[in-house]
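Structure first, commentary second.
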Amino acid sequence: MSRGKLLHSHSKHSDGGGAINYPRGYEVLAELGFAGRRRSVFTRLAALSGAGPRHQILDVGCGTGYLTRMLAPLVGPEGGVTGVDPSLPMIEHARRRSPDNCSYQVGEGQALPFPDASFDIVVSSFAVHHMPVSARGTAMREIFRVLRPGGRLLIAEFRPPVNPLAARLVGILAGPAMRPTMPELLADLVPGAGLRIESTGTVGPVLYYVNAVRPLETRS
C-alpha cells in the first residue's frame, strides 16, 4: 500500500475525493513537501486572505488547523476562525492545538453547516482536490452562500511542480484527484458559483491561489 493510500480514507463517492485521517503523518509530509518553508508560505496565505480585527473567517477543509492558527492573531479576540473538515481525527488534532478564538466542526464543503452570509472571509487550502468531482461545484456554491455580500474568498491549491522529488511529494499529499490542474479547474469553478475573481498568483514552488469576492447585491 502506498503512503498516499495510508493517509487517505476510502471515499464513499464513485468519482474520487476522500478525507485524510492521519493528522500526524500528514503534518510530517506537509513539512517535507514545503522544504522548511511551510510557515512562511502559510503566513503569506493568511496575509492574502485580507484577515483583520473582528473578522469572522471560515476555513473549508481545515485539516489539522494550520491555517486557522495563522489567521487567529489577525482577527484578534473579538474575531473568530471556524474550521470545518470531514475527518474527525483532523478536527480533534486541530482542537488540541488552537487558541480560544478558533473553533472546529466536522462537515463537508458541499454541505456547510452554517447560515447564509455568516462569514466575512472564506479560505480553503489544499482541500478542493480532496472533494469528489461531482461535489466541487456544490461546495463552491455553498461558499458563496455563507459569505456575506462583499465578502472575500481565498483558495490555495497545488500547481504541478517541475522538480521530480517535489512532484512525488505532491502526489503523496494530493492523491489521484488533482486532474485537471487546479488553476484550470478553479478558473471555471469560482466564477461558476457567482464569485468574481480579483487576482491569482503563486506562492512558493507548489502553490497557486485565487482571490475572489462575492459581489454586493444590487437592488432591482
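Residue 9 in UniProt numbering sits at position 9 of the sequence shown, with consecutive numbering throughout.
Note that CB positions come from ideal geometry on N, CA and C, so glycine has one too.
Query, Result
"Of all the beta strand (DSSP E) runs that stay within the bounds of the region 182 to 217, which reach a length of 3 or more residues?", "196 to 203 and 207 to 213"
"Residues bridged to L153 by DSSP?", "V122 and A212"
"With DSSP as the reference, label G80 as helix, strand or coil.", "strand"
"Hey, how far is the Cα of R54 from the Cα of I121?", "11 Å"
"Looking at the structure shown, is I20 part of a helix, part of a strand, or coil, going by DSSP?", "strand"
"In the DSSP assignment, what residue or residues form a beta bridge with C102?", "V81"
"Is the region 131 to 138 touching the region 94 to 112, taking contact as three or more C-beta pairs under 8 Å?", "yes"
"Sort out for me which residues DSSP pairs L88 with in a bridge.", "Bridge partners of L88: none, in fact."
"Quick one, which of G79, G63 and A212 has its alpha-carbon nearest A127's?", "G63"
"Examine the Cβ distances between the region 208 to 216 and the region 142 to 160 and report whether three or more of them are shorter than 8 Å.", "yes"
"Cα-Cα, which of G194, R69, T200 and S118 is closest to T43?", "R69"
"Buried or exposed for P115, please, with buried defined as at least 16 other CB atoms from any protein chain shown within 10 angstroms of its CB.", "exposed"
"Any idea what DSSP makes of L58, helix, strand or coil?", "strand"
"Return the Cβ separation of L189 and R159 in integer angstroms, given the expectation that the two are a contact with Cβ distance under 8 Å.", "At roughly 15 Å, the Cβ-Cβ gap does not stay under 8 Å, so L189 and R159 are not in contact."
"Nearest CA to the CA of G90: which residue from S49, L165 and A19?", "The sequence shown places Met at residue 90, not Gly. It is A19."
"Cα-Cα, which of L71, G107 and F119 is closest to D100?", "L71"
"Can L67 and G52 be called in contact, C-beta distance under 8 Å?", "no"
"Roughly how many angstroms separate the alpha carbons of L45 and L165, rounded to a whole number?", "24 Å"
"Sorted by chain position, which residues of the same chain lie with C-beta nearer than 7 Å to S125's C-beta, five sequence neighbours on each side aside?", "L45, L67 and A156"
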